[in-house]
Amino acid sequence: MLTAGAAALLAALGLVSPPVAGAAPASGPDAFSETAQQQIAALQAVKAGRTAAESKLDSKLLVAAKGVGKQLNALQSGAAVSAAGTVLVDIRASKVSPDLLAGLTKAGAGIRAVSDRYGSVRAEVPLGKVGEIAARGDVKRVEQADQAMTARELATPATTPEKTETKQQKADRIAGELQKAVSAKTQRSAAAAAPLVSEGDRAHNADLARQQFGVTGVGVKACALSDGVDSLAASQAKGELPPDVDVIAGQEGEGDEGTAMLEIIHDLAPRAALGFASAFNSDASFADNIRKLRFESHCDVIVDDVIYFKESPFQDWIIAQSVNDVTADGALYFSSAGNEGNVASGTAAHWEGDFVDSGKSVGKFAGTAHNFAGAAGNQIYEPISNASSAGVPVTLHWSDPLGASANDYDLYLLNSAGAVVSFSQNVQDGTQDPYEILQTPTFGGTGLRLAVVKFSGANRYLSLSALRGRFSDSADGLKAYNTPGVTVGHSAARDAFSVAAAPAAKAFGRALEPGDPANPAGPYPGSFSGATKAERFTSDGPRRVFYEANGTPITPGNVSSTGGEVRNKPEITAADGVQTSVSGFNPFFGTSAAAPHAAAIAALVLSGNPGLPPAEVREALINTAIDIETPGRDNFTGSGVILADKVLAYTGASPQPLAVAKQPTVTPADGGSALDPGDTAKVTLPVTNDGDGTAVSTSVVLTSPTPGVTVAPRSKSYGTISPGQTGVNDFTITVPASQQLGVPVVLNARVTFAGAHSPTTTSFALPVGTPSPVAQDFAYAGAPVAIPDNSPVGASVTIPVTGVGRASKVTFSVDGTTCSTDPTSTTVGLNHSYVGDLIGTLTSPSGAKATVFQRNGGSGKNLCQVVFADNAAAAFSTVTSANAPFTGSWRPTQALTGNLAGAAADGTWTFGVVDAAGGDAGFIRSVALHINGFVQPPAAGAPSNVRSVTNNGPVHPL
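So this note's numbering is basically just the index in the sequence shown, starting at one, shifted up by 1001.
See below:
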């Protein structure tokens, strides 16, 4: 049948013609129609005829690559091929090497995300090259890109076409919101400027808890992962978020769910430090970013609202493994339980259990269908509700270890006429994952049903989920089978908190399906109580897991319904349906909103109990939760809804002081303007209490690791410093005459006080030598370098520097001769059609880095004659597209002198640009460094930063 070519294959599939004459118009509950058998047999023939390299390809990619992609795409059943003939794929490799990346680029691939740790590359690849890539020895598998979704519940159902903004429309909207916020900030009264506050603050009694216990999040860093933070600058301008949110460069993402989540955290824990990274670049990038938030950004509490469809229910995959890594290091991790429904509310689309052989074979190839009815009968179909059938991802997992499945199961979607609509039939012969996925048609269908076929191998425990769909009885007599446990993936990691949702205020505004009961409303302006009801869409548990993260069986020899480990998920419930200032997120429904409420309450706990072990935080959250819904712990609200005041009463909490040394002022004794070799100088060191509580018995020990430097006295008392107040004291340092010009003196200030955050240690680098007033200029002299679109590889140019010695000051310019907004201009310093896509980074010869600009400027075009200087009046982060072409002087994202000066300037500097979003292009053309060195110190001069008042005794307030 197949050897006659693609046309014969398509005819056999029945995917481009009506069912054959005489075929049953509908499938019986215990048999495949003749049409279905023909289609599945033909699809299995494709599978059986694969070469070794083709066995590494996703089944849809293979069918599309064999020349039938257009016909399959028309029925939503093939690879997602773009108009340019490319497919977005995840390439799983034994190692991500320069050779692999070069090979992919040579094959015409656009690199989208790279994970060295997890051996994964996301790339946009020409369909005709997928086989060539799969044939590489270092490539394990080429998969359709693993997709993800957040746990936000939309106000309109999936069957309603969503109004999508163009990139330009979004940029214009965000720029307008930012400009409006900036204007309003200067005009409105303090009362009118009060920020919006989540109703969850009141419903969780967090407002009372802050007042009663005096804790605000001080000393804690809480970080979120979601789609993106497009409106971060607007939220900051409105006063909804602080100005210093730590966003990992290049991980800003696209979208605004992250901004809304950060606003919720800030509402409940207003003085916690905040951070963010996108979870949407790829599954491996998400896993990497979880680790970065803990191990590089030092986040204490991390929260996300994302599920990747490939995440296994039965073993901790790479994302859950990263969660395990950060929780083992002491972080608290919160994740949305999901909005996939629950059995108790009749909103589920999940079945799991042991494979039951129906005895019904499929076509002429091996394989029998699963019997969903089990002992109650024989039904090989799971019916999908017509009202919840549009664009639904359907996943099938089974109880084999990841990367080692030798039991081959396939997944098919059929319509009421008995024709195959979509399929997933990857090879599992010992080295693959136990996983299949398909998607229902974009606008749904009538009478859709799923079938699971065991192609070969042993019986296994199955998990079948139609994410955001619903399994319900069909009009032609099929019974729906649902079981609890749709919560999967990293939310079900042992030490993560899986968070369910309950409304804080108004009820969710639409029925989940026609005829559903009314959605519950929340208690606002009251607080949660035993009368609270969970959202009807919140996902249920528990989660049965068969393998440790490394693949070791938990119950060796038993991977059935009586084996493995059962994890009680979700653990707790928190608020959704709350207001934020973010466009499209007022109100904000879904477990996406619930998880950051829970994370913020945990931040308050840590703020009042620094160093409290994670096990005690877990105990407090679970033991104080207010039981709701079914009496006792249940599988869709966990232990119940949490109240901040009860949690803090359980742990105890007290306002903590946080005394921190700030930048010192240096006054040389000889009256000179700079600290020189051989100088003695007065160092005036301020200490500020950034905490909630009073810092008593405060003292500072000031030392220097720089050879030959002396500090006197070694310590001084600062006495008592009230919250928000600053005290100062003077020390004397002596610099050896042998100190090399330009090599800074390092001071370490250790501040001790009565409090759990004590001591704090801060290091300061004091420049030695008189900065030269003359900057030396070093320009890039090469040809223009293209910036690859939407690629983490980016573009870079090098700038050689000689004859400077050590740098006292660094500025950077993007030059040009004639400035314009023509995105193809060759006379600007950097031409690009969407500057807001770009991240610019400057790297010194020592390897020190500073981010120059980071996704600023929206749709504005071109940088030309712009100087990035630390002392510029305005930050480049405040620009909008109206400022284009971008010229003049601006402060960079990170200080250039502070991060790059002090080390030897001579050597090769690198300026790199990454385009972090799709659809635009440009070139690096003309850039330059301007570096000041040092001169020999003059004999005399005005004091440097001399203060009018100093104090040599105990502390005095500024």
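Built from N, CA and C at the ideal position, the CB exists for glycine as well.
- K1810 and N1933 look like a contact to me (Cβ under 8 angstroms); what is the Cβ gap, rounded to whole Å? Here residue 1810 refers to the residue found at position 809 of the sequence shown. Here residue 1933 refers to the residue found at position 932 of the sequence shown. K1810 to N1933, Cβ: 4 angstroms. Contact.
- If you check the beta carbons only, do E1341 and Y1462 fall under 8 angstroms apart? For the purposes of this step, residue 1341 is taken as the residue at position 340 of the sequence shown. For the purposes of this step, residue 1462 is taken as the residue at position 461 of the sequence shown. For E1341 and Y1462, no; Cβs fall outside 8 angstroms.
- Query: Per DSSP, A1345 forms a beta bridge with which residues?
  - Reply: Start at 1 with the first residue of the sequence shown, and residue 1345 comes out as number 344. According to DSSP, A1345 bridges with nothing at all.
- Pull up the distance between the alpha-carbon of A1081 and that of D1306, whole angstroms please. Counted from its first residue, the sequence shown places residue 1081 at position 80. Counted from its first residue, the sequence shown places residue 1306 at position 305. Near 25 angstroms, if we compare the C-alpha coordinates of D1306 and A1081.
- Quick one: Cα of Q1964 to Cα of R1450, how far? Here the chain has residues from 1002 to 1959 only, and residue 1964 is not among them.
- Query: For the putative contact between S1279 and G1254, defined by C-beta atoms under 8 angstroms, what is the C-beta separation to the nearest angstrom?
  - Reply: Position 278 of the sequence shown, counted from the first residue, corresponds to residue 1279. Position 253 of the sequence shown, counted from the first residue, corresponds to residue 1254. At roughly 3 angstroms, the Cβ-Cβ gap stays under 8 angstroms, so S1279 and G1254 are in contact.
- Every unbroken alpha helix (DSSP H) inside the region 1856 to 1880 [4 residues or more]: none
- From which residue to which residue does the alpha helix (DSSP H) around K1141 run? The residue given as residue 1141 occupies position 140 in the sequence shown. Per DSSP, K1141 belongs to no alpha helix (DSSP H); it is in the beta strand (DSSP E), V1140 to Q1145.
- Message: For G1220 and S1608, which I take to be in contact (beta-carbon distance under 8 angstroms), what is that distance rounded to the nearest angstrom?
- Response: Numbered from 1 along the sequence shown, position 219 holds the residue referred to as residue 1220. Numbered from 1 along the sequence shown, position 607 holds the residue referred to as residue 1608. The Cβ separation is near 6 angstroms, so the contact holds.
- Task: Would you grab the beta carbon distance between D1409 and S1457 for me? Rounded to a whole angstrom, and I think it's under 8 angstroms.
- Result: Within the sequence shown, residue 1409 is the residue found at index 408, counting from 1. Within the sequence shown, residue 1457 is the residue found at index 456, counting from 1. Contact flag correct, Cβ pair sits at about 5 angstroms.
- Message: Our contact map puts G1913 next to T1812 with C-beta atoms below 8 angstroms; I'd like the distance itself, whole angstroms only.
- Response: Taking the first residue of the sequence shown as 1, we reach residue 1913 at position 912. Taking the first residue of the sequence shown as 1, we reach residue 1812 at position 811. Not quite, the Cβ-Cβ distance comes to about 18 angstroms (not below 8 angstroms), so this is no contact.
- Is the distance from the Cβ of D1816 to the Cβ of Q1741 below 8 angstroms? By 1-based counting over the sequence shown, the position of residue 1816 is 815. By 1-based counting over the sequence shown, the position of residue 1741 is 740. Not a contact, by the Cβ cut-off of 8 angstroms.
- Query: Is the Cβ-Cβ distance between G1229 and D1257 less than 8 angstroms?
  - Reply: Position 228 of the sequence shown, counted from the start, is the residue given in the question as residue 1229. Position 256 of the sequence shown, counted from the start, is the residue given in the question as residue 1257. The answer is yes: Cβ separation under 8 angstroms.
- Query: Just checking, does the region 1552 to 1563 make contact with the region 1236 to 1250 on the three C-beta pairs under 8 angstroms criterion?
  - Reply: no
- Query: By how many angstroms is the C-alpha of T1689 removed from the C-alpha of V1618?
  - Reply: Here residue 1618 corresponds to residue number 617 of the sequence shown, with the count starting at 1. Here residue 1689 corresponds to residue number 688 of the sequence shown, with the count starting at 1. If I take the Cα positions, the gap works out to 29 angstroms.
- Task: Look at G1490 and E1312 and say whether their C-beta atoms are less than 8 angstroms apart.
- Result: For this step, residue 1490 is matched to residue 489 along the sequence shown. For this step, residue 1312 is matched to residue 311 along the sequence shown. Going by C-beta atoms, G1490 is nearer than 8 angstroms to E1312.
- Cα-Cα separation, A1022 to S1362: Within the sequence shown, residue 1022 is the residue found at index 21, counting from 1. Within the sequence shown, residue 1362 is the residue found at index 361, counting from 1. With a pLDDT of only 34 at A1022, under the threshold of 50, the placement of this residue in the model should not be trusted; the figure read from the coordinates follows. Taking the straight line from one Cα to the other gives about 22 angstroms.
- Outcome for S1078 when other beta-carbon atoms lying within 10 angstroms are tallied against a minimum of 16: As a working mapping, residue 1078 is identified with position 77 in the sequence shown. Because S1078 carries a pLDDT of 45, less than 50, the predicted location of this residue cannot be relied on, and the following value inherits that uncertainty. The residue is buried, with at least 16 neighbouring Cβ atoms inside 10 Å.
- Message: Please state the DSSP three-state secondary structure of A1459.
- Response: For the purposes of this step, residue 1459 is taken as the residue at position 458 of the sequence shown. Of the three classes helix, strand and coil, the one that applies to A1459 here is coil, per DSSP.
- Message: Short of 6 angstroms in beta carbon distance, which residues of its chain neighbour L1468, apart from the five on each side in sequence? Order them along the chain.
- Response: Your numbering for residue 1468 matches position 467 in the sequence shown. Closer than 6 angstroms at the Cβ level, and outside the excluded window around L1468, lie E1341 and P1394.
- Examine the Cβ distances between the region 1089 to 1103 and the region 1116 to 1127 and report whether three or more of them are shorter than 8 angstroms. yes
- Whole angstroms is fine: what's the gap from V993's alpha carbon to S1764's? Given that the chain is displayed from residue 1002 to residue 1959, the structure contains no residue 993 and the question cannot be resolved.
- Message: For D1301 and Y1525, what's the separation of their Cα atoms in angstroms?
- Response: For the purposes of this step, residue 1301 is taken as the residue at position 300 of the sequence shown. For the purposes of this step, residue 1525 is taken as the residue at position 524 of the sequence shown. Their backbone Cα atoms lie some 29 angstroms apart in a straight line.
- Per-residue burial, Q1433 [other beta carbons within 10 Å of its own, 16 or more giving buried]: Indexing the sequence shown from 1 puts residue 1433 at position 432. Label assigned to Q1433: buried.
- Task: Count the other CB atoms, across all protein chains shown, that sit within 10 Å of the CB of P1314; report buried if there are 16 or more and exposed otherwise.
- Result: Taking the first residue of the sequence shown as 1, we reach residue 1314 at position 313. So P1314 counts as buried.
- Should G1552 be flagged as near chain C, meaning a C-beta pair shorter than 8 angstroms? This model lacks chain C altogether; it includes just one protein chain.
- Return helix, strand or coil for T1762, following the three-state DSSP convention. Within the sequence shown, residue 1762 is the residue found at index 761, counting from 1. Strand.
- Minimum length 3: unbroken beta strand (DSSP E) runs contained in the region 1734 to 1760: 1746 to 1753
- Message: Please tell me whether F1310 and D1411 are closer than 8 angstroms, where the distance is taken between their beta carbons.
- Response: Counting from 1 along the sequence shown, the entry for residue 1310 is found at position 309. Counting from 1 along the sequence shown, the entry for residue 1411 is found at position 410. Cβ distance not < 8 angstroms, so F1310 and D1411 don't count as in contact.
- Query: Whose C-alpha, out of Q1169, G1086, A1152 and D1921, is nearest the C-alpha of K1130?
  - Reply: Position 129 of the sequence shown, counted from the first residue, corresponds to residue 1130. Minimum Cα distance to K1130 is reached at G1086.
- Query: Leaving out five residues before and five after S1773 in sequence, what residues of the same chain have Cβ atoms less than 7 angstroms from its Cβ?
  - Reply: Translated into positions along the sequence shown, residue 1773 becomes position 772. Within the same chain, S1773 has close Cβ partners S1809, N1933, G1934, F1935 and V1936.
- Query: Which runs of the beta strand (DSSP E), 3 residues or longer, sit entirely within the region 1280 to 1327?
  - Reply: 1302 to 1305 and 1307 to 1309
- Task: Evaluate contact between the region 1491 to 1503 and the region 1385 to 1392, counting only Cβ atoms and requiring at least three cross-stretch pairs below 8 angstroms.
- Result: no
- Message: Which residues does DSSP list as the beta-bridge partners of Y1548?
- Response: As a position in the sequence shown, residue 1548 is number 547, starting the count at 1. Q1316 and P1554.
- Between the CA atoms of S1286 and V948 - distance to the nearest angstrom: Residue numbering for the chain in the displayed model covers 1002 to 1959; residue 948 lies beyond these limits and cannot be assessed.
- Query: What did DSSP end up calling Q1440 once you bin it into helix, strand or coil?
  - Reply: Taking the sequence shown and counting its residues from 1, one reaches residue 1440 at position 439. Q1440: strand per DSSP, three-state reduction.
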